[in-house]
Amino acid sequence: MNNKETNFELNLLPVISLLAVLISFLLLTTVWVQIGTLDVKQAMGDSPQESKEEKRATVWINFEDSGTITMVVKNADSKDKKIELKKSDFQWQSLESALLQAKADHPDLAMGFVQPSLKTPYQNVIRAVESLKNQQVLDVGISPIL
Amino acid sequence: MRFAAIKNSQMVSNIDDISIIGPQEKRSGRLIAAGLMLTSLVDVFSILVIYLIYNSGSAEFQVNLSKEIQLPMTSRSSALKAGVSVRIVDGKYIIDEKTFSESEVVAELSRLKELNDEKSGHLIIQADKDADFNLINPLLVIASQAKFESIKFATIEGIAK
């Protein structure tokens, strides 16, 4: 067999066309916005573990209509600790540092509740839940207004 | 026999043929054709295709987003899983593209909970980040009454300002 007959160049144009069509299709159909979920645990009626849970420290973040945020650490063994963050000089970092201090004081702190007011923006509620989870307070609930 | 479609097409240039300034149709001598580096182009395209295919099939469960809703951002979100999705738009509750009022949504959520399929245990709430909590509050009350095991707030991965 002649060596020249086996030496040929592959026609890459159809391959490139196919890839171009594929890229266009994928660019149009790919979901670019990554949607996730922030999970909360809601209490459902009486729980048999309620008495045991009561002894553990819990943290409450209360949003007031005035915009003030109050953080309360409730503990059965000691007096409740209350920190008030006024709307005028409120920053999320100050809430996170207060939570960090609460976690240092109560290492068993694993349960938190967010109590918004009816006028609280949804983003702030999510941010409060996020702040709690950032401090390893993983059992977070949102207290509904009845 | 050598076969090179690209090289052949490059030897004859239509643009040069019709050029007014310097038509090269009757140019004599040897034409030197510079070959395009198509192999690298194919490599780049292939990498792009693999990246896009990998990204397009990552979501386990997808929800329909509304133009009116801008979801809140959080850095602590987890992967979206199957659940009953409720969208809050202009004070109305939308489930499976059907609109319900506050009084009607109770019955609908209770009905969906009783179906006992893989979606029935979880409630996914989609609401605008600037919405007041009074729009979300009824859903939390209803979810507790209907005994949904977990409530998930749909969010976008990112850092809130």
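Protein chains in written order, with our numbering: chain A, 1 to 146; chain B, 147 to 307.
Think of the CB as a built atom: it goes at the ideal place given N, C-alpha and C, for glycine as much as any other residue.
Note that this is a predicted model, so its numbers are computed, not measured.
Between the alpha carbons of residue 219 of chain B and residue 133 of chain A lies a gap of roughly 14 angstroms.
DSSP places residue 38 of chain A in no alpha helix (DSSP H) but in the uninterrupted beta strand (DSSP E) bounded by 35-40. With distances taken between CA atoms, residue 141 of chain A lies nearest to B:299 out of B:299, B:276 and B:278.
Residue state for residue 281 of chain B is assigned as helix, using DSSP reduced to three classes.
The C-alpha of residue 255 of chain B is placed about 17 angstroms away from the C-alpha of residue 235 of chain B. In the three-state scheme derived from DSSP, where H, G and I count as helix and E and B as strand, residue 259 of chain B is classed as helix. Residue 56 of chain A places its beta carbon less than 9 angstroms from that of residue 108 of chain A. Pairing residue 114 of chain A with residue 94 of chain A gives a Cβ-Cβ distance that is not under 9 angstroms. Counting only Cβ-Cβ distances below 7 angstroms, residue 289 of chain B has contacts in chain A at 42, in chain order. Here residue 126 of chain A is buried, its C-beta having at least 16 other C-beta atoms within 10 Å. Contact of residue 185 of chain B with chain A is assigned, a C-beta pair being separated by under 9 angstroms. For residue 186 of chain B, the closest C-alpha among the options A:42, A:62, A:15 and A:40 is that of A:15. Taking a contact to require three or more Cβ pairs closer than 8 angstroms, the stretch 187-200 of chain B and the stretch 6-26 of chain A qualify as touching. Just so you know, the alpha carbons of residue 215 of chain B and residue 137 of chain A end up roughly 29 angstroms apart. Residue 222 of chain B is not a Cβ neighbour of residue 59 of chain A, given a cutoff of 9 angstroms. Among the CB atoms of chain A, none fall inside 9 angstroms of the CB of residue 235 of chain B. Chain B places no beta carbon closer than 9 angstroms to that of residue 137 of chain A, leaving this residue out of the contacts. By the neighbour-count criterion, in which 16 or more other beta carbons inside 10 Å mark a residue as buried, residue 245 of chain B falls on the exposed side.
Identification of chain A residues near residue 278 of chain B by a Cβ-Cβ cut-off of 8 angstroms yields 118, 119, 120, 121 and 122, ordered along the chain. For residue 274 of chain B, the C-beta contacts it makes with chain A under 8 angstroms involve 122, in order along the chain.
Under a criterion of Cβ atoms nearer than 9 angstroms, no residue of chain B is adjacent to residue 96 of chain A; the nearest Cβ is some 12 angstroms distant. Residue pairing by DSSP places residue 121 of chain A opposite B:278 in a beta bridge. Your pair residue 97 of chain A and residue 63 of chain A does not check out as a contact, with CB atoms roughly 18 angstroms apart and the cut at 8 angstroms.
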